[in-house]
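Written below as structure tokens is the structure these notes are about.
There are 2 protein chains.
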Amino acid sequence: MSVRHFVGDTAVANTPDHDRGLAYGDGLFETMRAHEGDVHWWPAHWRRLERGARALAFDLPDQACVRREVASLLDDANGVLKLVVTRGPGGRGYAPPASPTPHWILSLHDAPVVAPAGGLTLRWCDTRLALQPALAGLKHCNRLEQVLARAEWRDPETHEGLMRSTEGDVVSATSANLFVLYDDRWTTPRVDRCGIAGVCREWAMGALGAREARLAVTEVEAADAVFLCNAARGILPVARLGARSWRPHPQVAQLRRRLAAEHPAFATEVA
Amino acid sequence: MSVRHFVGDTAVANTPDHDRGLAYGDGLFETMRAHEGDVHWWPAHWRRLERGARALAFDLPDQACVRREVASLLDDANGVLKLVVTRGPGGRGYAPPASPTPHWILSLHDAPVVAPAGGLTLRWCDTRLALQPALAGLKHCNRLEQVLARAEWRDPETHEGLMRSTEGDVVSATSANLFVLYDDRWTTPRVDRCGIAGVCREWAMGALGAREARLAVTEVEAADAVFLCNAARGILPVARLGARSWRPHPQVAQLRRRLAAEHPAFATEVA
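Line by line, the protein sequences give chains X and U.
Quick note on numbering: this note's numbering labels position 268 of the first sequence as 269, and the sequence is numbered without any gaps.
Quick note on numbering: this note's numbering labels position 130 of the second sequence as 131, and the sequence is numbered without any gaps.
Shown next, in the form of structure tokens:
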């Protein structure tokens, strides 16, 4: 795995001491699919970073500088590109520095394993997502809830876990958004109180004309079809959730083909 | 500021790449008062780390090894010692490594400024604390709520801000616990749904026979006396909260003297 660090527009060898990303999770990240050196969804990833940076009130590094370094790191590769941007070095204490210089990290990882042809097997997680509207939707670095949820199982036959909020509504998988076909309409959970507004979720909402709603456990279990999605893995059909199982659904297969047609990284995964 | 890094029992020069503390805030920390090379409350700090490590399910480094390095770093100094322990390096994705090796960081900082003789001036923060019982009480590294709250003011005449939960009950200051004298009894907010179980809070509860309760804003404002406390600064009398003001209270002065008698770092701050 290749890793490069920068503070502002300067390359550095390592994470600086007293980095607020490490001290407080005071940062943001994006996980992006790279294909032949290009990040097809770059504009959407950068827009989400900008929303996060506004909410946390720090300046992002210069986008042109980041893109140059991305191109240099990728060098025509396929895989998953991760970008972390923290508020940068700071003193002890929560008060943010008056003029922080962001620390950003680029790393290139292998492409994810292709999802099983029959669809994913899911479980319900016990760990809940707390309601925090001030941070909801953002891909910030405070992710202990997801860590605890993902640590609930090690069985490799279980591919993902669904998480509920502390109020009981279904929000997402640990690292993917959720769509369900219910009442003849595609629905994805709202992410205005917790959860992450995924880049692939945004694409799928547009492609399906999906609506946002609060979803109960019973509504997910009664759905006619279910899929997960994220920007690294695209559209992931779901085959099983506990005792419930679903057969492959033509609308999900069609959506995968549409994604493959629009985003070259996902073309190889669709027959 | 002196900083030392270790992975397991090995000294390293920097934060390792892919550290889960930076990626997800997947770690714990302690902020301790050091006096002439000694950390008086070490056992209580280590106990809280152990509680946190159990909740996050990773092993702490060997305590004897950490204490040796603490002694070497402190070298008879006074000040504030910070210890961060993360789950250590890991791959991409939330799933914790099966056998993580913790990364820990020791840093020595100046002793805090002595609190103003008349008492602190507080404000109410707008940022709320989300309810997450699975993480409540722990001093973990997911601290964006405190960062956002502390960023609400820059006026140096305001010393701290009080935070409420998303349900409206008063929990703590951004970096200190809260005690109020109300109905002739000392009360401190419960930290079972959010907030941090402070080491100085534990000491003060014992010293005062204080009870834990959910506190409304009106109960704080109607209190006969209020103080904040943390392990770096001890007991901090409160003089003002918005329009409300309090005169110095003999019970708070007495508690400060008692702390000074028991914990040598705080002796210099009491007349």
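We put the CB at the ideal spot given by N, CA and C, even for glycine.
Cβ proximity to chain U below 9 Å picks out Val81, Lys83, Val85, Thr87, Arg88, Gly92, Arg93, Gly94, Tyr95, Ala96, Pro97 and Ala99 from the stretch 71-101 of chain X.
With contacts defined as CB atoms closer than 7 Å, serine 3 (chain X) and leucine 109 (chain X) qualify as a contacting pair. Between aspartate 193 (chain U) and chain X, the shortest Cβ-Cβ separation is not below 7 Å. At least 7 Å separates the beta-carbon of valine 218 (chain X) from that of phenylalanine 228 (chain X). A distance of 7 Å or more separates the beta carbons of valine 181 (chain X) and alanine 232 (chain X). For alanine 131 (chain X), the chain U residues whose C-beta falls within less than 7 Å of its own C-beta are Ala131, Leu132 and Gln133, listed in chain order.
Interface criterion met: the Cβ of glycine 26 (chain X) is under 7 Å from a Cβ in chain U.
Excluding its 5 nearest sequence neighbours in each direction, glycine 26 (chain U) has C-beta neighbours in its own chain below 6 Å: Cys142 and Asn143, listed in chain order.
Burial state of glutamine 133 (chain X) is buried, judged by a 10 Å Cβ sphere holding 16 or more other Cβ atoms. Listed along chain X, no residue sits closer than 9 Å to valine 8 (chain U) by beta-carbon distance, the nearest being about 13 Å off. Cβ contact annotation for leucine 242 (chain X) (same chain, cutoff 6 Å, sequence separation greater than five): Leu123, in chain order.
Among the residues of chain U, those whose CB is under 9 Å from the CB of alanine 152 (chain X) are Leu57, Ala58, Tyr95, Ala96 and Pro97, following chain order. Residues of chain X whose Cβ lies closer than 7 Å to the Cβ of aspartate 18 (chain U) are, in chain order, Val4. Apart from the 5 residues on each side of it in sequence, serine 246 (chain X) sits with its Cβ closer than 8 Å to the Cβ of Ala240 in its chain, given in chain order. Counting along the chain, the unbroken beta strand (DSSP E) around glutamate 31 (chain U) starts and ends at 28-35. Nearest to proline 98 (chain X) by C-alpha distance, out of X:Arg88, X:Ala65 and X:Met164, is X:Arg88. With a contact defined as Cβ atoms closer than 8 Å, valine 81 (chain U) and tryptophan 105 (chain U) miss out at about 17 Å.
Excluding sequence positions up to five before and after asparagine 15 (chain X), its CB lies within less than 8 Å of the CB of His6, all in the same chain and listed in chain order. From the beta-carbon of glycine 22 (chain X), the residues of chain U found nearer than 7 Å are Leu23.
Restricting attention to beta strand (DSSP E) runs no shorter than 3 residues, the stretch 153-227 of chain X encloses them at 161-165, 171-174, 178-183, 186-190 and 212-214, ordered along the chain. Going by beta carbons, asparagine 178 (chain U) and cysteine 230 (chain U) fall inside the 7 Å limit.
Within the same chain, and ignoring the five residues on either side of tryptophan 47 (chain X) in sequence, the residues whose Cβ sits closer than 7 Å to its Cβ are Gln64. Using a C-beta cut-off of 8 Å, the stretch 152-163 of chain U makes no contact with the stretch 34-45 of chain U, since fewer than three inter-stretch Cβ pairs fall below that distance. Alanine 152 (chain X) and serine 173 (chain X) have their C-alpha atoms spaced approximately 16 Å apart. As a beta-bridge residue in DSSP terms, asparagine 231 (chain U) pairs with U:Gly235. A Cβ-Cβ separation of about 6 Å places aspartate 77 (chain U) in contact with glutamate 37 (chain U) under the 8 Å criterion. When CB distances to chain X are screened at a threshold of 7 Å, the residues of the stretch 111-145 of chain U falling below it are Thr128, Ala131, Leu132, Gln133, Ala135, Leu136, His141, Cys142, Asn143, Arg144 and Leu145, in chain order. Aspartate 10 (chain U) is bridged by DSSP to nothing; it lacks a bridge partner. The three-state reading of DSSP puts threonine 269 (chain X) in helix, counting H, G and I together. Straight-line spacing of the CA atoms in proline 117 (chain U) and leucine 237 (chain U) works out to 9 Å. Residue burial is scored here from C-beta neighbours: aspartate 170 (chain U) has at least 16 other C-beta atoms within 10 angstroms and is therefore classed as buried. Around serine 176 (chain X), the beta-carbon contacts reaching into chain U at under 7 Å are Gly94 and Tyr95. Within chain U, no C-beta atom comes less than 8 Å from the C-beta of glutamine 64 (chain X); the nearest is roughly 22 Å away. Within 7 Å of the CB of asparagine 15 (chain X), the CB atoms of chain U belong to Asn15 and Thr16, in sequence order along the chain. Chain U places no beta carbon closer than 7 Å to that of valine 239 (chain X), leaving this residue out of the contacts.
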